[in-house]
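Asks: Below: one structure in structure tokens.
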Ligand code: FAD
Ligand code: DHB
């Protein structure tokens, strides 16, 4: 027997995209059901991103979801780029008037889950066999199995926020117009660790070294987050704690008045790197957002922020469709997202290309060093990096008090600013 229920919006995936979308919809008075394949503990412990752009912080604040973020998040006014043994500061606050916030993705996920469950709104964890039917109609259904029982959600819109390995993207490609994929692999990966070691500096260091890239980051006053460029097929078992620390010692600019603490490593993993965009991002009543639609290499910290930006656009369009019956607004979704998607794709590819070791080609290395010297010595070049790093505004109306008052109109206008790519200064 199948248990049937109704909801305006079915959201597949309880990552940053799915959870932020559920909260945005709630703020404008639209109910939704979030379906998640994993259990709550798993999604709350999954260590990933750490940097929130200024507009992402503003959006969470306006939704009333930033209390702990503001207490525990680390506000950084810039980053450092290191090469040829020296560190160079890029001061975002001076250059573009905004800072960034370092706060673990799993902490955001914890905050968003807790707030949603406290409000009595549904997240169904540990669902299996999720199916989407009726995509090309106005009455799609999402099927899933939970606790051994089959369920069917009848809805108006399905939001595929199920990450890169989810099921939603393929359903768009199966449509009569198919889909187009833009894809680039990199010949390296990031080995990331979380260590119980107090950070010794309060800004991130992106280090371009002859042996490969290294990144010094942190999560709290007692936890350091570090990354090392490794070959794409590297095995984590081949990296002992000693090997990790000594490689970091070589690649980070420790000769320049900087040294770092070591400590027990609590978490380690290898992440492959790729650039990927699949268009369109919507077919019929199904729209995909975040990593389900696009992936960026992590250099530049754009992935989670881009996921949040997509759902800011999607929430406004869903509002137009469900509250005002403007079904044609769904046609705008892909184009309204793509401008930002490609800006972030370019920025992430550029940062990756400038900072990583690709091969032994001395010509390429000299080009990298020349670009690093330019970015760290020319104000226009540094401003370009800063503007992209702190993020393009999502639109002032998203920050209006009316958003918190549950006024559906408060999202109007966010779309136009987001797609025009205006920068908030
Ligand atoms: P996800 O977080 O992948 O969430 C998708 C959810 O859907 C998951 O919970 C998954 O379990 C669920 N799901 C999948 N399939 C199904 C299904 N069939 N049914 C139901 N549920 C399903 N980004 C930044 O902005 N800043 C950073 O500093 C940064 N650093 C990073 C560092 C690393 C090492 C890595 C790996 C990534 C980093 N990113 C960063 C990228 C960022 O983590 C992702 O872009 C972000 O998680 C995307 O969010 P999402 O909600 O789209 O997808
Ligand atoms: C972190 C991740 C990134 O991809 C990045 O560019 C900066 C920081 C982090 O996990 O702290």
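Residue numbers (the working numbering): 490 to 914.
C-beta: ideal position from N, C-alpha, C; glycine also.
Remember, predicted model here, so these are calculated numbers, not experimental data.
1) Report yes if the C-beta of residue 877 is less than 6 Å from at least one heavy atom of ligand 1; otherwise report no.
2) Identify, in the order they occur along the chain, each residue of the same chain with its Cβ nearer than 6 Å to the Cβ of residue 523, setting aside the five sequence neighbours on each side.
3) Helix, strand or coil for residue 490, going by three-state DSSP, please let me know.
4) Along the chain, where does the alpha helix (DSSP H) containing residue 497 start, and where does it finish?
5) Taking the Cβ atom as the reference point for each residue, do residue 548 and residue 883 lie within a distance shorter than 7 Å?
6) Alpha carbon to alpha carbon, how far is residue 895 from residue 869?
7) Given this structure, state the Cα-to-Cα distance separating residue 702 from residue 790, to the nearest angstrom.
8) Following the continuous alpha helix (DSSP H) through residue 812, name the residue where it begins and the one where it ends.
9) With a cut-off of 8 Å, do at least 3 Cβ pairs link the segment 821–830 to the segment 760–775?
10) Look at the alpha carbon of residue 805 and the alpha carbon of residue 711, and state the distance between them as a whole number of angstroms.
11) Should residue 703 be listed as close to ligand 2, given that the test is whether its C-beta is under 6 Å from any heavy atom?
12) Can the beta-carbon of residue 873 be found closer than 7 Å to that of residue 836?
13) Where do the N-terminal and C-terminal ends of the beta strand (DSSP E) with residue 770 fall, by residue?
14) Going by the beta-carbon positions, is the gap between residue 598 and residue 532 smaller than 7 Å?
15) Anyone know if the C-beta pair for residue 571 and residue 742 falls short of 7 Å?
16) Whose CA, out of 494, 560, 792 and 745, lies closest to the CA of residue 763?
17) Who are the Cβ neighbours of residue 752 in its own chain at under 7 Å, not counting the five residues just before and after it?
Replies: So, to answer that:
1) Counted from its first residue, the chain shown places residue 877 at position 388. No, the beta carbon of residue 877 sits no closer than 6 Å to any heavy atom of ligand 1.
2) Here residue 523 corresponds to residue number 34 of the chain shown, with the count starting at 1. In chain order, 500, 503, 507, 511 and 612 place their CB closer than 6 Å to the CB of residue 523, counting only its own chain and leaving out the 5 sequence neighbours on each side.
3) Mapped onto the chain shown, residue 490 falls at position 1. DSSP, read as helix, strand or coil, puts residue 490 in coil.
4) Stepping through the chain shown from its first residue, residue 497 is reached at position 8. Judged by DSSP secondary structure, residue 497 falls outside any alpha helix (DSSP H); it is assigned neither H nor E.
5) Mapped onto the chain shown, residue 548 falls at position 59. Mapped onto the chain shown, residue 883 falls at position 394. Result yes, Cβ atoms of residue 548 and residue 883 sit closer than 7 Å.
6) Working through the chain shown from its first residue, we reach residue 895 at position 406. Working through the chain shown from its first residue, we reach residue 869 at position 380. With a pLDDT of 37 at residue 895, under the threshold of 50, the predicted position of this residue should be treated as unreliable, though the coordinate-derived value follows. Approximately 41 Å between the Cα atoms of the pair.
7) Taking the chain shown and counting its residues from 1, one reaches residue 702 at position 213. Taking the chain shown and counting its residues from 1, one reaches residue 790 at position 301. For residue 702 and residue 790, the distance between alpha carbons rounds to 15 Å.
8) Residue numbering aside, residue 812 sits at position 323 when the chain shown is read from its first letter. Here the alpha helix (DSSP H) through residue 812 covers 792–813.
9) Yes, the segment 821–830 is in contact with the segment 760–775.
10) Here residue 805 refers to the residue found at position 316 when the chain shown is read from its first residue. Here residue 711 refers to the residue found at position 222 when the chain shown is read from its first residue. The straight-line gap from Cα to Cα measures roughly 39 Å.
11) In the chain shown, counting from the first residue as 1, residue 703 sits at position 214. Answer for residue 703: no, Cβ out of range of ligand 2.
12) Counting from one through the chain shown, the residue named residue 873 turns up at place 384. Counting from one through the chain shown, the residue named residue 836 turns up at place 347. Contact: no.
13) Locating residue 770 in the chain shown gives position 281, where the first residue counts as 1. For residue 770, there is no enclosing beta strand (DSSP E), as DSSP marks it with neither H nor E.
14) The residue you call residue 598 lines up with position 109 of the chain shown. The residue you call residue 532 lines up with position 43 of the chain shown. Taking the C-beta atoms as reference points, residue 532 is found nearer than 7 Å to residue 598.
15) Taking the first residue of the chain shown as position 1, residue 571 is located at position 82. Taking the first residue of the chain shown as position 1, residue 742 is located at position 253. Yes.
16) Along the chain shown, read from residue 1 onward, the residue named residue 763 stands at position 274. Distance from the Cα of residue 763 is smallest, within the candidate group 494, 560, 792 and 745, for 792.
17) The residue labelled residue 752 in the question sits at position 263 within the chain shown. Cβ neighbours of residue 752 beyond the five flanking positions: 684, 685 and 686.
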